[in-house]
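Note sheet for the following structure.
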Amino acid sequence: MYSAIGANKRNTVIIMAVFLLIIGGLGALAGYAYNNWVVAAVIMGIAAIYALIQYFAASKEALAINGAVPIEKKDAPELYRIVENLSITEGLPMPKVYIMSDPAPNAFATGRNPRTASVAVTTGLLEIMDKRELAAVMAHEMGHVKNYDILVSMVAFGMVGAIGIIADILARMFIFGDNRNNRQPVMMVFGLVGLILAPIAATLVQLAVSRQREYLADASGALTTRDPEGLAMALEKFKTNGRPMIKQNQTTASMFFSNPLKKAGGLFQTHPPLDERIKRLRENATKM
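This is the structure in structure tokens:
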């Protein structure tokens, strides 16, 4: 289990480095195409400001977009106590607790760090999970908080948006700008292809980050509760009772415990397959 945590952390570092390479490549493309590195610096600056704004605002946006409503202990005593106990066990600040009115079972954590963390669950999750399974799911979400996955998600969210902005600005400059400074017509063609592919590549990287962090949160949650079977049982219920959420948003889908959208295959999966997550938990149960 500990080796799985270490491997997933290393993979995430590599994936985030790819984000930086994409952004740097777009900046270099702008500077080379226009033979003016001031243009590249300005575009990169705009993207950096956007990413910074998203870093601070994305958490509230995620909660609002998904219709999450803050609750107090009296509103859902069992859920609140479970989160309280997990916070004490992990030595983390108590996160804000939210509920989303949706029959689809699901949950997510968000925030920039443990001090600003929030956890949200759907009414559907509360209806189908027993106490053991609910604790396992919330331990998974608290694992996201403990491992700073919530920060990784915010950074990834901001970087995808920044890459989209850079690509959009450069595309408009290539198409509508004065092309006399372009070094080669061929360069313009390759540049436009790169601008189309860059946001797609960034989205794929974001999804790869999500898949790696889900495995990590599964392992962390199982270590916290010392009950990997409880999480495996919860995942089994997601297999039989899972469904797309009523309120769907592609930008926040990767934050959820399970894919809240209609199923997507291959590289565009927001989460690793449930069967694989269950298999890993049960295979590592004896190593704890």
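Residue numbers (this note's numbering): 3 to 290. Just so it is clear, CB atoms sit at the ideal spot from N, CA and C, and this is done for glycine as well. These figures come from a predicted structure and were not determined experimentally.
* Continuous beta strand (DSSP E) stretch holding phenylalanine 110: start and end -> Mapped onto the sequence shown, residue 110 falls at position 108. Looking at the DSSP string, the run of the beta strand (DSSP E) that includes phenylalanine 110 is 109-112.
* **Meets three-Cβ-pair contact criterion under 8 Å: the segment 216-226 and the segment 71-85** => no
* Which full runs of the beta strand (DSSP E) of 3+ residues lie inside the segment 18-81, going along the chain? -> 70-72
* **Proximity to leucine 276 [Cα-Cα], best of Lys249, Val40 and Ala236** => In the sequence shown, the residue the question calls residue 276 occupies position 274. Among Lys249, Val40 and Ala236, the Cα nearest to that of leucine 276 is on Ala236.
* To do: Look at glutamate 143 and alanine 111 and say whether their C-beta atoms are less than 8 Å apart.
  => Looking up residue 143 in the sequence shown gives position 141. Looking up residue 111 in the sequence shown gives position 109. Yes, they are a contact pair.
* Closest to glutamate 86 by CA distance: which of Ser103, Ser120 and Asn115 is it? -> Numbered from 1 along the sequence shown, position 84 holds the residue referred to as residue 86. Per the Cα distances, Ser120.
* Asked: Are there 16 or more other CB atoms within 10 angstroms of the CB of glycine 26, so buried, or fewer, so exposed?
  -> Position 24 of the sequence shown, counted from the start, is the residue given in the question as residue 26. The residue is exposed, with fewer than 16 neighbouring Cβ atoms inside 10 Å.
* For methionine 291, which option in Ala50, Ser155, Gly29 and Met140 has the closest C-alpha, if you only look at C-alpha atoms? -> What is shown of the chain runs 3 to 290, which leaves residue 291 out entirely.
* Cβ-based neighbour list, proline 105, same chain, cut-off 6 Å, excluding 5 preceding and 5 following -> Taking the sequence shown and counting its residues from 1, the one referred to as residue 105 is at position 103. The residues are Gly126.
* Asked: Out of curiosity, what's the CA-to-CA distance linking isoleucine 45 and asparagine 37?
  -> Here residue 45 refers to the residue found at position 43 of the sequence shown. Here residue 37 refers to the residue found at position 35 of the sequence shown. Rounded to whole angstroms, isoleucine 45 to asparagine 37 spans 14 Å at the Cα level.
* Given that a residue counts as buried once 16 or more other Cβ atoms are within 10 Å of its Cβ, and exposed if not, what is arginine 228? -> Taking the sequence shown and counting its residues from 1, one reaches residue 228 at position 226. The residue in question, arginine 228, is exposed, as its Cβ has fewer than 16 Cβ neighbours within 10 Å.
* Is the CB-CB distance between glycine 163 and tyrosine 52 below 8 Å? -> Taking the sequence shown and counting its residues from 1, one reaches residue 163 at position 161. Taking the sequence shown and counting its residues from 1, one reaches residue 52 at position 50. Yes, these two residues count as a Cβ contact at 8 Å.
* Compare the Cα-Cα distances from alanine 169 to each of Glu63, Val20, Thr91 and Leu31 and report the closest residue. => In the sequence shown, counting from the first residue as 1, residue 169 sits at position 167. Taking only the C-alpha atoms, the option nearest alanine 169 is Leu31.
* To do: Please check the pair glutamate 216 and isoleucine 280, which I expect to be a contact at CB under 8 Å, by giving their CB distance rounded to whole angstroms.
  => For this step, residue 216 is matched to residue 214 along the sequence shown. For this step, residue 280 is matched to residue 278 along the sequence shown. Not really, about 12 Å apart at Cβ, beyond 8 Å.
* For leucine 23, which residues of its own chain have a beta-carbon under 7 Å away from its beta-carbon, when the five flanking residues on both sides are left out? -> As a working mapping, residue 23 is identified with position 21 in the sequence shown. None.
* Asked: For methionine 102, which three-state DSSP category applies?
  -> Residue numbering aside, residue 102 sits at position 100 when the sequence shown is read from its first letter. Note: methionine 102 maps to strand in three-state DSSP.
* Provide the residue(s) that pair with threonine 124 in DSSP beta bridges, ordered along the chain. => The residue you call residue 124 lines up with position 122 of the sequence shown. According to DSSP, which records beta bridges pairwise, threonine 124 is partnered with Met102.
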